[in-house]
């Protein structure tokens, strides 16, 4: 963040506090809201089908399951991207990517930062007198992307100034149990920081806390060895890791244990809420930025990671617990992560005065039917993104700018540069997205294409002039770049299909 950005950020926070004081002094009547706290938890790279409450291994995620039983669980929630910064920007703003401005991981020509001009959920809450804090776990959700916007206390655990921005940063370790590397930290370290903030500020409410954990994204950082041993895992030695088979097997073996490890951190936070009498005064939201292909993605579409727009990538968990609200609710309707921010505002009885494309989910949680399905949008601007794998690495025809519109049954993935390779799936009959029905004159393709055209989704903004944005090397160290993280893992190219 530049000096000017820091100054503007500080002035904005001061203005928000002043506004809240004025509102309090004048009396806002019925417009004051409920004053409940907000705990937003985002689990990076987390597929819903691995959570126990979504049908995953029984007993794997007891704390998440307990929160789901006290609130609403959404069976089909769709994110706006298969990449961390864009998706989180939508969660925090209630806007799709073409509106909030974060379009790519890095580009010299296309915006790769959240616009200063949009309103974030923490900014809106700060204007109502909320304390705002974020504890996140990796570089892609750091201030380099302007994702600290609205948080008075923001801690990523990453020293951005210490990164050598002139060279490519790669994983320095594999199977590292230290809890920290140059570009990420383990969930328990992030939770430690969150608990420290709560100890100092959490009883003074109301507050909004964002907790982000990165653990299941990869196995460069792993849980302590004794924790892994409970799942029958013994970490390879440094020497053995150089000759072991490709990474897909190990990614899948580590996925559930690392998910269980994150669940344990949520239990620590929930324990604090209960101990300090804040649990029944706190709205809890649990969701993810995107999923992961793994064996399913590799088998069906030739890709084991994320970035693309198939359901294994953009379908995410969404659980919302509102004290005194509906409990043990399971909702089958398609919803979107852009619906999170307006839902929180309605739960707090705060009018939505910022522009948001998302819509509150509270009526669905109360059992009220909807007349029209919510159309979910997502994109993957691979041809613009300097850190997208090249056409020889991505699956066939996926090196393009991809735009998705889905109404829950019909799903269009439109290819901007090669429209003839666009895809249309009937998810009711083909949930694995194997049979492409696309043609220009298909009525469902035409309807969803019109949805995209009306929103001018292909328009792009230049990068922010006030900040140079994230460094290419740091991104590559997290496996998003063309020099993929698996190049640092033994025999990975053959295992994940990227060597084709």
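Residue numbers (my numbering): 1 to 500. Just so you know, even glycine gets a beta-carbon here, dropped at the ideal spot from N, CA and C.
Is residue 160 helix, strand or coil when you go by DSSP? To locate residue 160, count along the chain shown from 1; it is residue 160. It is helical.
Below 8 Å, how does it come out for the region 62-80 and the region 312-322: are there three or more Cβ pairs, yes or no? The region 62-80 is in contact with the region 312-322.
DSSP state of residue 119 mapped onto helix, strand, coil: Here residue 119 is taken as the residue at index 119 of the chain shown, counted from 1. Reduced to three states, the DSSP call for residue 119 is coil.
Taking only three categories from DSSP, how would you classify residue 286? Taking the chain shown and counting its residues from 1, one reaches residue 286 at position 286. It is a strand residue.
Quick one: any contact between the region 98-111 and the region 321-334, if contact means 3 or more CB pairs under 8 Å? At 8 Å Cβ cutoff, the stretches do not touch.
Just how far apart, CA to CA, sit residue 287 and residue 42? Here residue 287 corresponds to residue number 287 of the chain shown, with the count starting at 1. Here residue 42 corresponds to residue number 42 of the chain shown, with the count starting at 1. C-alpha separation (whole angstroms): 5 Å.
Would you mind reading off the limits of the beta strand (DSSP E) that contains residue 295? Taking the chain shown and counting its residues from 1, the one referred to as residue 295 is at position 295. Looking at the DSSP string, residue 295 is not in any beta strand (DSSP E); the run it does join, the alpha helix (DSSP H), is 294-301.
Can you confirm whether the region 336-344 touches the region 78-98 when touching is taken to mean that 3 or more C-beta pairs between the two stretches lie within less than 8 Å? yes
Where do the ends of the alpha helix (DSSP H) carrying residue 314 lie? Along the chain shown, read from residue 1 onward, the residue named residue 314 stands at position 314. For residue 314, the enclosing alpha helix (DSSP H) has its first and last residue at 311-314.
Return the Cβ separation of residue 414 and residue 452 in integer angstroms, given the expectation that the two are a contact with Cβ distance under 8 Å. By one-based count along the chain shown, residue 414 stands at place 414. By one-based count along the chain shown, residue 452 stands at place 452. That pair is a contact at about 6 Å.
Nearest to residue 292 (by Cα), restricted to the options 312, 285, 176: For the purposes of this step, residue 292 is taken as residue 292 along the chain shown, with counting starting at 1. Closest by alpha carbon: 312.
Which same chain residues, not among the five before or five after residue 296, have their C-beta less than 7 Å away from its C-beta? In the chain shown, counting from the first residue as 1, residue 296 sits at position 296. Excluding positions up to five away in sequence, the list reads 312.
Residue 318 by DSSP, collapsed to three states: which one? Reading the chain shown from its first residue, position 318 is the one you call residue 318. Three-state DSSP puts residue 318 in a strand.
What are the residues that DSSP puts in a beta bridge with residue 447? Taking the chain shown and counting its residues from 1, the one referred to as residue 447 is at position 447. None, per the DSSP bridge assignment.
Spatially closest choice to residue 268 from 310, 195, 218, by CA coordinates: Reading the chain shown from its first residue, position 268 is the one you call residue 268. Of 310, 195, 218, the residue nearest in Cα terms is 195.
For the pair the region 103-123 and the region 360-374, tell me if three or more CB-CB distances fall below 8 Å. By the Cβ rule, the region 103-123 does not count as touching the region 360-374, because fewer than three pairs are nearer than 8 Å.
Who are the Cβ neighbours of residue 303 in its own chain at under 6 Å, not counting the five residues just before and after it? Mapped onto the chain shown, residue 303 falls at position 303. These residues qualify, in order along the chain: 293, 297, 395.
Backbone CA spacing between residue 438 and residue 424 [nearest angstrom]: If you number the chain shown from 1, residue 438 lands on position 438. If you number the chain shown from 1, residue 424 lands on position 424. Roughly 5 Å separates the two Cα atoms.
Residue 400 versus residue 281 - alpha carbon distance: The residue given as residue 400 occupies position 400 in the chain shown. The residue given as residue 281 occupies position 281 in the chain shown. Roughly 46 Å separates the two Cα atoms.
Per DSSP, what are the beta-bridge partners of residue 208 in this structure? The residue labelled residue 208 in the question sits at position 208 within the chain shown. Looking at the DSSP output, residue 208 shares a beta bridge with 38, 132.
Counting along the chain, where does the alpha helix (DSSP H) carrying residue 201 start and finish? Here residue 201 refers to the residue found at position 201 when the chain shown is read from its first residue. Element bounds for residue 201: 187-201.
Assuming contact is defined by CB atoms lying nearer than 9 Å, are residue 378 and residue 403 in contact in what I supplied? Your numbering for residue 378 matches position 378 in the chain shown. Your numbering for residue 403 matches position 403 in the chain shown. Yes, the Cβ-Cβ distance between residue 378 and residue 403 is below 9 Å.
Keeping to the same chain, check which residues put their C-beta closer than 6 Å to that of residue 212; ignore five residues upstream and five downstream. Numbered from 1 along the chain shown, position 212 holds the residue referred to as residue 212. Within the same chain, residue 212 has close Cβ partners 42, 136, 137, 141.
Any C-beta of chain B sitting closer than 9 Å to the C-beta of residue 315? Among the protein chains of the structure shown there is no chain B, as only one such chain exists.
According to the neighbour-count rule (16 or more other Cβ atoms, all chains shown, within 10 Å of its Cβ), is residue 237 buried or exposed? Sequence index remark: in the chain shown, residue 237 carries index 237 (1-based). Label assigned to residue 237: exposed.
Just to confirm, is the Cβ distance from residue 124 to residue 88 under 9 Å? Taking the first residue of the chain shown as 1, we reach residue 124 at position 124. Taking the first residue of the chain shown as 1, we reach residue 88 at position 88. No, the pair does not count as a contact, with Cβ atoms beyond the cut-off.
Give the DSSP bridge partners of residue 227, in chain order. Within the chain shown, the letter at position 227 stands for residue 227. Residue 227 pairs with nothing; no bridge assigned.
Mind checking whether residue 119 and residue 464 have CB atoms under 9 Å apart? The sequence position of residue 119 within the chain shown is 119, counting from 1. The sequence position of residue 464 within the chain shown is 464, counting from 1. Against a cut-off of 9 Å, the Cβ pair of residue 464 and residue 119 comes out as no contact.
Thinking residue 285 and residue 216 are a contact (beta carbons under 8 Å), I'd like their distance in whole angstroms, please. Against the chain shown, residue 285 aligns to sequence position 285. Against the chain shown, residue 216 aligns to sequence position 216. At roughly 19 Å, the Cβ-Cβ gap does not stay under 8 Å, so residue 285 and residue 216 are not in contact.
CA-CA distance, residue 174 and residue 387? To locate residue 174, count along the chain shown from 1; it is residue 174. To locate residue 387, count along the chain shown from 1; it is residue 387. Cα atoms of residue 174 and residue 387: separation of roughly 22 Å, rounded to the nearest angstrom.
So, is residue 82 buried or exposed, given that buried needs 16 or more other C-beta atoms within 10 angstroms? Locating residue 82 in the chain shown gives position 82, where the first residue counts as 1. Buried, because 16 or more other Cβ atoms sit within 10 Å of the Cβ of residue 82.
Since residue 415 sits in a beta bridge, which residues does DSSP pair it with? As a working note, residue 415 is residue 415 in the chain shown. Partner(s): 402.
Among 231, 235, 229, 59, nearest to residue 221 - alpha-carbon criterion: Counting from one through the chain shown, the residue named residue 221 turns up at place 221. Taking only the C-alpha atoms, the option nearest residue 221 is 235.
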